[in-house]
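Colleague: Mind having a look at this structure? Questions to follow.
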Amino acid sequence: MVTFQLNDSGIAKKLTAHVKRLRQCRLCPQMYPPVVSGGSVVSKVLLVGQAPGDKEPKIGRPFAWTAGKTLFRWFSEAVGISEEQFRSSIYMAAVCRCFPGKNPKGGDRVPSPKEVFNCSAWLNRELMILQPALVIPVGKLAIEQFIPLKKLDQIIGRKFRINRNGHYFDLIPLPHPSGASPWHRKEPGKSLLKRALRLIGKAHLL
48 MVTFQLNDSG IAKKLTAHVK RLRQCRLCPQ MYPPVVSGGS VVSKVLLVGQ
98 APGDKEPKIG RPFAWTAGKT LFRWFSEAVG ISEEQFRSSI YMAAVCRCFP
148 GKNPKGGDRV PSPKEVFNCS AWLNRELMIL QPALVIPVGK LAIEQFIPLK
198 KLDQIIGRKF RINRNGHYFD LIPLPHPSGA SPWHRKEPGK SLLKRALRLI
248 GKAHLL
């Protein structure tokens, strides 16, 4: 395992100030605070989730429940990095940072386009501060913030070169590890997920 972190004190100060402001955000009235953040981890790898569930605000960190266990198992088995190592060496962001609430029909409510737009400034700022070499979007909502959303079969297992405001980085999408989705548990999802994780491992940034 190769861990790639930055030690630039200027970047660390900017990121710490950014996370402090982020935690104070109350821009979306339909969202349930507090803001969930993985902390100011200075890294060349940025993981982007969708939105926290109802357990994450209480625990105080992203991917802290069932989906997180699956996600960290993927990385442990494929890349050899533990959850503790991942959290301490990878910056963890999300499309939306507060719990959106429950859908009356079941599951979590999908954030509205306005809520996604409101939160996009935080992600854009993080991309600007960190200048990552690799971005890993997890789930459809996260993926479509970077590339047009197609079928997962056409996206997972591939590496994309992205230009965001003049900064280039690699994008390797992953499916969402939710137990509600069978996609990553059956073919072709299983094989494509393994391919995506191999691509992440070959980047030698984890």
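Using the working numbering, the letters of the sequence shown map in sequence onto residues 48 to 253.
Don't be surprised by glycine CBs; every beta carbon is placed ideally from N, CA and C.
Where DSSP assigns a beta bridge to V92, which residues make up the other side?
Modeller: Locating residue 92 in the sequence shown gives position 45, counting from the first residue. DSSP, once it has assigned bridges, lists L181 as partnering V92.
Colleague: Considering only C-alpha positions, which residue in the set L252, R211, V182 and H231 is nearest to T117?
Modeller: Within the sequence shown, numbered from 1, the residue matching residue 117 stands at position 70. Checking every option, the nearest Cα to that of T117 belongs to H231.
Colleague: Helix, strand or coil for Q52? Go by DSSP, reduced to three states.
Modeller: Mapped onto the sequence shown, residue 52 falls at position 5. Unreliable placement is indicated for Q52, whose pLDDT of 48 sits below 50; no coordinate value is reported for it.
Colleague: Mind checking Q71: buried by the 16 CB within 10 Å criterion, or exposed?
Modeller: The count along the sequence shown starts at 1 and reaches residue 71 at position 24. Answer is exposed; the Cβ neighbour count stays below 16.
Colleague: Is the beta carbon of L218 closer than 8 Å to that of K91?
Modeller: Along the sequence shown, read from residue 1 onward, the residue named residue 91 stands at position 44. Along the sequence shown, read from residue 1 onward, the residue named residue 218 stands at position 171. No, the pair does not count as a contact, with Cβ atoms beyond the cut-off.
Colleague: Just the Cα atoms here: how many angstroms apart are G127 and G100?
Modeller: On the sequence shown, residue 127 is found 80 positions in, with the first residue counted as 1. On the sequence shown, residue 100 is found 53 positions in, with the first residue counted as 1. Taking the straight line joining both Cα atoms gives about 26 Å.
Colleague: Helix, strand or coil, according to DSSP, for N165 in the structure here?
Modeller: To locate residue 165, count along the sequence shown from 1; it is residue 118. Three-state DSSP puts N165 in a helix.
Colleague: Alpha helix (DSSP H) containing I106: first to last residue?
Modeller: Translated into positions along the sequence shown, residue 106 becomes position 59. E103 to I106 is the extent of the alpha helix (DSSP H) around I106.
Colleague: Counting only the same chain and skipping the five closest in sequence on each side, list residues whose C-beta sits under 8 Å from that of L188.
Modeller: What you label residue 188 is simply residue 141 of the sequence shown in a count that begins at 1. If we look at L188 and ignore the five residues flanking it on each side, its Cβ neighbours are Q97, A98, V142, V157, P158 and V163.
Colleague: Would L196 pass as a contact of I203 if the rule is Cβ separation under 8 Å?
Modeller: Within the sequence shown, the letter at position 149 stands for residue 196. Within the sequence shown, the letter at position 156 stands for residue 203. Cβ atoms of L196 and I203: not closer than 8 Å.
Colleague: Could you give the residue range of the beta strand (DSSP E) that holds R208?
Modeller: The residue given as residue 208 occupies position 161 in the sequence shown. It spans F207 to R211 - the beta strand (DSSP E) in which R208 sits, taken as one unbroken run.
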